[in-house]
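First up is the structure itself, then whatever we jot down about it.
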Amino acid sequence: MKSKKRLIIAITGATGAIYGVRMLQILQPQAIWETHLIISAAGVLNLKHELDMSRDELYALADITHGIKDIASSIASGGFKTEGMIIAPCSMKTLAAVAHGFGDNLISRAADVVLKERRRLVVMPRETPLNLLHIRNMAAVTENGGIIFPPMPAFYSKSDSMSAMVDETVGRVLDFFGVDVSGLYTPWEGL
């Protein structure tokens with residue numbers, strides 16, 4: 018039997034917990050994927066506030082969960098093979114930690130490992146407006162091989178629902194990793 022593809026999903030305290038949750042919902046029924054979830058304390062607060070969802074309900078969506086302080090976790094080592102990592106949503110605090118290799122918790126450490134191993138890192142920053150420090154941190158992540166993917170809706174799809182807008186963004190991000198995103202969104206094909 019072929020081993021599963023591993024994907025790390027991290028949820029931080031920025032608004033937009035729905036993005037990480039929706040990714041886990043999409044990946045859960047796909048047998049070839051093994052999800053590794055990390056959520057920060059502020060992420061748990063947002064999860065409850067934005068989605069009225071508990072940590073246990075979120076954990077039920079993931080194959081494996083990791084504590085934010087568990088620096089000895091499997092995903093803290095480059096020897097543990099993954100397809101990469103998505104931080105959805107990504108707070109400016111986490112962005113700064115990733116940009117500067119400040120692995121003070123498992124989210125920033127796992128991101129550092131993904132970058133050093135030349136695996137795919139997608140960061141979905143949620144903040145507006147941006148100051149110059151935010152922009153420079155995004156540049157630093159990009160210069161080190163990460164992908165900055167702000168969750169911005171595409172209006173050309175003429176969607177009238179929030180869930181469709183979330184699905185389009187989530188579908189586009191998961192597509193970077195080769196996840197089957199059939200039916201989540203319609204790629205732009207021109208006029």
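Residue numbers (the working numbering): 18 to 208.
A virtual CB, placed ideally from N, CA and C, is assigned to each residue, including glycine.
Keep in mind the model is a prediction, meaning the values are calculated, not measured.
For this session: At 4 residues or longer, and completely inside the stretch 124-163: list those alpha helix (DSSP H) runs for me, N to C.
Result: 149-160
Problem set entry | Segment limits, alpha helix (DSSP H) that includes T111 | Taken as a continuous stretch (DSSP letters only), the alpha helix (DSSP H) holding T111 covers 109-116.
Exercise. Leaving out the 5 sequence neighbours to the left and right, which residues in its chain are closer than 8 Å to F119 when beta-carbon positions are compared?
Worked result: Within the same chain, F119 has close Cβ partners A113, S125.
Problem set entry | One or two residues paired with R23 in a DSSP bridge | The bridge partners DSSP lists for R23 are E51.
For this session: Following the continuous alpha helix (DSSP H) through T186, name the residue where it begins and the one where it ends.
Result: First-last of the alpha helix (DSSP H) with T186: 179-192.
Problem set entry | Continuous beta strand (DSSP E) stretch holding I81: start and end | 81-83
For this session: Since I believe P168 is in contact with G30 (beta carbons under 8 Å), could you give me their beta-carbon distance rounded to a whole number of angstroms?
Result: Actually they are not in contact, since the Cβ atoms of G30 and P168 sit about 15 Å apart, beyond 8 Å.
Exercise. Residue range of the alpha helix (DSSP H) that D87 falls in?
Worked result: Where D87 is concerned, there is no enclosing alpha helix (DSSP H), given that its DSSP letter is neither H nor E.
Exercise. Taking C-alpha atoms, which residue in C107, D73, I92 lies nearest to G37?
Worked result: C107
Exercise. Is it the case that the CB of H151 approaches a heavy atom of the ligand ADP more closely than 7 Å?
Worked result: This structure lacks the ligand ADP, and indeed carries no ligand of any kind.
Problem set entry | Boundaries of the alpha helix (DSSP H) in which Y76 is found, first to last residue | 72-76
Exercise. Would you call E185 buried or exposed, if buried means 16 or more other Cβ atoms sit within 10 Å of its Cβ?
Worked result: Per the 10 Å Cβ criterion, buried.
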